[in-house]
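The block underneath contains the structure these notes are about, expressed in structure tokens.
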Amino acid sequence: AATAFQLALRDIPESELKAANLEASIAYIPKLREEIENAKIEAKYGDKAPNELAAEIISLQREIYKNAARAFTNNTPAKINLLEQAAGREKQAAAIWKPLSGKFMEMVNNSVTNEQQIADFQYKLDVASDNASGAANALENLDISALNAIQQSEQSALEILAFTSEPVAMLEEAMNSESNAVSSVYDPTLIRTPVPEQQMAGAMFNVFANTYGEWLDQKMPSRNGTADSHFVTTNELEEANGGASPDNMTITEAVRAEIDGLVDKTLGSLALVNMDISADSKILPEKAKINAEQALEYMQLIHDLLPKPPQEEQQQDDKQQQQDNREDQDQQQEQDEDGDESGSEDDNQGDSEDDTPPPQEEEDEESADTQEEPKTAEEEEAERIMAKVLEQEKSREEERRKRQRIMPPSVGERDW
């Protein structure tokens, strides 16, 4: 309607009636656009929990930061297009803050009674949303301050994730930060440099260490008050099931004790790391890196011992089975290719002008022993590529010889 009124006004620009119609029609457009945008956001994110929305924002912000950081170092005309693309993605992140804020505040209102705390939460959410919107505008204006705003938005999402997720999510975030921190290469496209990433790993693991105990108590029948004459301890259940836990969401006292010990060791390693780093370092010093790698190893062990939902356990089993099947198929394919190559080499040896002496029996035995040894995936891949290269080289050589036999000498060339 607004477009129609606009066209009509062009034909009769002095018409006050048509000008009034145009003004009245366009007055509703911003509100309609906002309603349509909110409906799209609700349809896309309305069914997701606060922790899922926070995780999505975190993933988006890290991706956008990496792309934007690269674009700011690009001195070609493509820089503008790259930053505009990053701005479009940042607008998506800013849009997710709307449903996240509503759902998170609903959770806060149901669990927090202090009005000042509720107001503080609302203020933090507003600031986080403003950071994302401001980052999008800064990217459109080619302003490098967008990177700092993206960092703030990602950190706010991490805080919400810590408030709304189970401890295992915090452990996984700590592992992700720790793996980035131990890198020996300074990567400016990461949302944090190694030293701040190490500090984030420690903060996330501290959240896990302070919350996992109560969470695990709920997974232990001997501690959560569900034990009865038929369900006394998880150890007895394991004995009745041949040593296996009847429920992947429960753990034994022995496993719990091992997790507790690993948590203490991890906290100790993280404390040692903090003693050997300085805020102005771009990467971790060697001594700190050793302790950080040890902390990451402990975190992985803890993660392996934590109870997992049956669906996640099944997904891991299916993934492992698919990987095993792919390895078997690759191995069979390589064996077939090796067989074809051997046959081709035998034919080529028969046509060769030079007679090759027969191999010695001892060499055959050594070759057989070598073939019996299991090969790594990298070795098998290298052999497969080398076989293809040799086969292509043989084909090119045969074609060259064939052309030389068929093609007559060029004009002026002696046919020796």
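Each residue of the sequence shown is one higher than the one before, starting from 29 at the first, in our numbering. Positions of the beta carbon are idealized from the N, C-alpha and C atoms, including for glycine.
Extent of the continuous alpha helix (DSSP H) run through residue i
{"i": "Ile311", "result": "First-last for Ile311: undefined, no H or E at that position."}
{"i": "Tyr73", "result": "57-73"}
{"i": "Asn302", "result": "281-303"}
{"i": "Ile54", "result": "44-54"}
{"i": "Gln246", "result": "No alpha helix (DSSP H) holds Gln246; DSSP gives it neither H nor E."}
{"i": "Leu37", "result": "30-39"}
Residue i and residue j closer than 7 angstroms at C-beta
{"i": "Leu324", "j": "Ile287", "result": "no"}
{"i": "Phe236", "j": "Met198", "result": "yes"}
{"i": "Leu167", "j": "Glu118", "result": "yes"}
{"i": "Ile178", "j": "Gln89", "result": "yes"}
{"i": "Ala97", "j": "Pro216", "result": "yes"}
{"i": "Ala229", "j": "Ser193", "result": "no"}
{"i": "Ala121", "j": "Ile85", "result": "yes"}
{"i": "Leu290", "j": "Tyr326", "result": "yes"}
{"i": "Leu110", "j": "Leu170", "result": "no"}
{"i": "Ile219", "j": "Glu182", "result": "yes"}
{"i": "Ala30", "j": "Ile54", "result": "yes"}
{"i": "Lys310", "j": "Thr278", "result": "no"}
{"i": "Ala202", "j": "Met232", "result": "yes"}
{"i": "Leu300", "j": "Pro222", "result": "no"}
{"i": "Pro78", "j": "Phe132", "result": "yes"}
{"i": "Leu81", "j": "Leu128", "result": "yes"}
{"i": "Ala164", "j": "Ala115", "result": "yes"}
{"i": "Pro195", "j": "Trp125", "result": "no"}
{"i": "Ser297", "j": "Gln322", "result": "yes"}
{"i": "Glu225", "j": "Asn208", "result": "yes"}
Near the ligand MG: residue i beta-carbon under 6 angstroms from a heavy atom
{"i": "Thr192", "result": "Of ligands this structure carries none, so the ligand MG is not represented either."}
What residue ranges within the stretch 84-159 form continuous alpha helix (DSSP H) runs of no fewer than 4 residues, ordered along the chain? 106-139
Can you list, in chain order, the stretches of the alpha helix (DSSP H) that have 4 or more residues and sit fully within the stretch 185-243? 195-209
Quick one: any contact between the stretch 69-79 and the stretch 152-164, if contact means 3 or more CB pairs under 8 angstroms? no
Inspect the CB distances between the stretch 313-323 and the stretch 208-228 and report whether three or more fall short of 8 angstroms. yes
Does the stretch 97-106 come within contact of the stretch 35-47, defined as at least 3 CB pairs closer than 8 angstroms? no
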